[in-house]
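Beneath this line is the structure, given in structure tokens, with notes to follow.
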RNA sequence: CGGGGUGUAGCGCAGCCUGGUAGCGCAUCUGCUUUGGGAGCAGAGGGUCGUAGGUUCAAAUCCUAUCACCCCGACCA
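Residue numbers (this note's numbering): 1391 to 1968.
So, in structure tokens, the structure goes:
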């Protein structure tokens, strides 16, 4: 492609409404333009990268036995009513009417459509297993779209749905296969990522993983072991911490102390001059049935609500309102404690590391000191309820330490079991002619977000540094002076030769000044740059430079094609995962 | 939806308080000179000042409403 003919409207200045690097750089590199909040046009350069990701996704999914189809973006309300989600989904579902007043929505996801299709077309266990996927635009009317392609309302997603006759199959030939395919996909994209254990909600089990591209600007926090494969979203992560540091209960007397208006851990810690690790904090929670609990943690620990929810085996947990706390504990917020607590007390393991602790007295403006477990209170359960932290022990292996990373979620795999199939009539006849609900899995990849996260992970202050497999072009030829006949002709000749070999090459044939060309080249981030200048050309050489490196090599014109081919092969091999 | 902020040329902004010819830089077009890291000179084009009402002899400027966009919270690929 000739630069002079391609729509690449680069910007020298940073657009005022962009905050994150991927957004800024995609705007500046002329890759995207906004039409409305969270809705973008992908310009030619961006589309080339998107297509590359899509191709990798297709190749790996096809290889894993999945089949591509394409479902409608506009979906009738009926199927959403039958799944119960027409009312449930909320304002994120963009609803529209046709000319006859019929109700439709723009598809935010396709469980309804795929299940509708399945129940009509798949009747027998002999047709299973089957895995169907598509790559298309989704529309989710997000409350707050932001960060360019990172969180758009319209975005490109690959969604896959698998159907199996039994759980063993679903996990082995379904979930595991997709997990491996995802690992290959992101490896082939040239991204540094981790597959982390994620919340499975009410389904339970370790059968959901988030694929997180590591980037300091990521919104998700993950903890990963430095010795084994364990890594998990901090929302779910466990650690070996609770097994260490346990102390015997102390022998101090329980003393009621006056602590006027001292509510928070910091306030009490300062007021009584004891460290927060000597405090036991008590939080009041209730589940979706309105049942209340008192949750105790060491003062310097944070409650992981997800762990609490899973421990209780309920659909949701909520922090109690101020009025409820007064009603349930007899004291205002800040003075709850396990001693004499009427509500069931559940303690995090961290409480075992506190002896002669400080707790609320369930009485306004009073706390207890010298509180010890066993003697002064007894929880109904001990559990891991705290947020795991950087530097703590790995729960899966010996000696491994967890480290914290920031990540961008680009994919998630779910084993769903029969949760949806039983509700949505996805049934087949088994060998006995009996109807059974099928085992389902669903698997998503944010394609446009993957491209954005690649930039988030690979850039410097001058611009993008594309991983070769998803770069819009592999090579950029930069003739410094197009008006110099020798330089121009050498550029054109090399351009022709590389094209002939099927190499994707961008020829900057603009008659711009060198500074503009160099800066644009850095901004666009094409992995291989070949600069053709008057002086080196006189000796029969061109300059060869990788975007990610500072080194410039002088290569004889006669060798440059081979050099490019070898370099492409080497860069691709880095991402092959072999 | 709650809180904060911004709408003036393709991009970045000034002008508004104190009403009176709509400006600057970059970009664009023409010509000449320049050409290894965002050139110089000369000239040109481009704006219903987000929109709708109101006040006024007169509104980008004051008032009212409204819309859009951005940032902080709950959601998610």
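All C-beta atoms, glycine included, are put in the ideal place defined by N, C-alpha and C.
Quiz item: If we count the other Cβ atoms within 10 Å of its Cβ and call it buried at 16 or more, is residue 1349 buried or exposed?
Solution: Since the first and last residues shown for the chain are 1391 and 1968, residue 1349 lies out of range.
Quiz item: Which residue's Cα is closest to the Cα of residue 1920: 1951, 1801, 1406?
Solution: 1951
Self-check item: Unbroken beta strand (DSSP E) run spanning residue 1771, endpoints
Solution: 1771-1773
Quiz item: Thinking C-alpha only, which one of 1537, 1870, 1883 is nearest residue 1906?
Solution: 1870
Quiz prompt | Selected residue, minimal CA-CA separation from residue 1499, among 1477, 1461, 1930, 1487 | solution = 1461
Quiz item: Three-state secondary structure (DSSP) at residue 1650?
Solution: coil
Quiz item: Can you name the start and end residues of the beta strand (DSSP E) that residue 1803 belongs to?
Solution: 1792-1807
Quiz prompt | Chain-order list of residues whose beta-carbon lies under 8 Å from that of residue 1410 (same chain, five-residue window excluded) | solution = 1537, 1538, 1540, 1607, 1846
Quiz item: If you draw a straight line from the alpha carbon of residue 1953 to that of residue 1943, how long is it in whole angstroms?
Solution: 11 Å
Exercise. Mind reading off the beta-carbon distance from residue 1527 to residue 1508? Whole number of angstroms is fine, and I expect it under 8 Å.
Key: Their Cβ separation, rounded to whole angstroms, is 22 Å, which puts residue 1527 and residue 1508 out of contact at 8 Å.
Quiz item: Mind pulling the beta strand (DSSP E) runs of 3 or more residues that sit fully within the region 1910-1946?
Solution: 1918-1922, 1931-1936, 1942-1946
Quiz item: Which residues mark the beginning and the end of the beta strand (DSSP E) in which residue 1341 is found?
Solution: The structure shown does not extend to residue 1341, since the chain is modelled only from 1391 to 1968, so the question has no answer here.
Quiz prompt | Short Cβ contact (8 Å threshold) for residue 1549 with residue 1834 | solution = yes
Exercise. Starting from the C-beta of residue 1730, find all residues in its chain whose C-beta is less than 7 Å away, skip the five residues before and the five after it, and write them out in chain order.
Key: 1752
Quiz item: Which same chain residues, not among the five before or five after residue 1568, have their C-beta less than 6 Å away from its C-beta?
Solution: 1803, 1833
Self-check item: Residues of its chain near residue 1515, where Cβ-Cβ distance is below 7 Å and the 5 sequence neighbours each way are ignored
Solution: 1555, 1818, 1819, 1820, 1821
Quiz item: Of all the options 1734, 1938, 1786, 1624, which has the alpha carbon lying nearest to the alpha carbon of residue 1692?
Solution: 1624
Quiz item: Can you tell me whether residue 1440 is buried or exposed, with buried defined as 16 or more other CB within 10 angstroms of its CB?
Solution: buried
Quiz item: Going straight from the alpha carbon of residue 1815 to that of residue 1893, what length do you get?
Solution: 50 Å
Practice problem: Answer yes if the region 1734-1741 comes into contact with the region 1680-1687, meaning at least three C-beta pairs across the two stretches below 8 Å, and no otherwise. | Solution: yes
Quiz item: Does the separation of the CB atoms of residue 1860 and residue 1615 fall below 8 Å?
Solution: no
Exercise. Could you tell me which of 1482, 1565, 1478 sits nearest to residue 1520, measuring between CA atoms?
Key: 1565
Quiz item: For residue 1954, which three-state DSSP category applies?
Solution: helix
Exercise. Would you list the residues sitting across from residue 1676 in a DSSP beta bridge?
Key: 1682, 1708
Quiz item: Can you give the Cα-Cα distance for residue 1842 and residue 1772, rounded to whole angstroms?
Solution: 43 Å
Quiz item: Within 10 angstroms of its Cβ, does residue 1426 collect 16 or more other Cβ (buried), or is it exposed?
Solution: exposed
Quiz item: Quick one: Cα of residue 1592 to Cα of residue 1703, how far?
Solution: Because residue 1592 carries a pLDDT of 46, less than 50, the predicted location of this residue cannot be relied on, and no value is offered for it.
Quiz item: Of all the options 1876, 1741, 1928, which has the alpha carbon lying nearest to the alpha carbon of residue 1764?
Solution: 1741
Quiz item: Do you know offhand how far residue 1770's Cα is from residue 1754's?
Solution: 25 Å
Quiz prompt | residue 1477 classed as buried or exposed, judged by whether at least 16 other C-beta atoms fall within 10 angstroms | solution = exposed
Quiz item: Can the beta-carbon of residue 1553 be found closer than 8 Å to that of residue 1830?
Solution: yes
Quiz item: If you run the structure through DSSP and keep just helix, strand and coil, what is residue 1592?
Solution: The predicted position of residue 1592 is uncertain, since its pLDDT is 46 and thus under 50; no value can be drawn from it.
Quiz item: Taking all protein chains shown into account, do 16 or more other C-beta atoms lie within 10 angstroms of the C-beta of residue 1749, making it buried, or fewer, making it exposed?
Solution: buried
Quiz item: Is there contact between the region 1410-1420 and the region 1465-1477, where contact requires at least three CB pairs shorter than 8 Å?
Solution: no
Exercise. Flag this pair as yes or no: are the beta carbons of residue 1945 and residue 1931 separated by less than 8 Å?
Key: yes
Quiz item: Starting from residue 1569 and walking both ways along the alpha helix (DSSP H), at which residues does that stretch end?
Solution: 1566-1578
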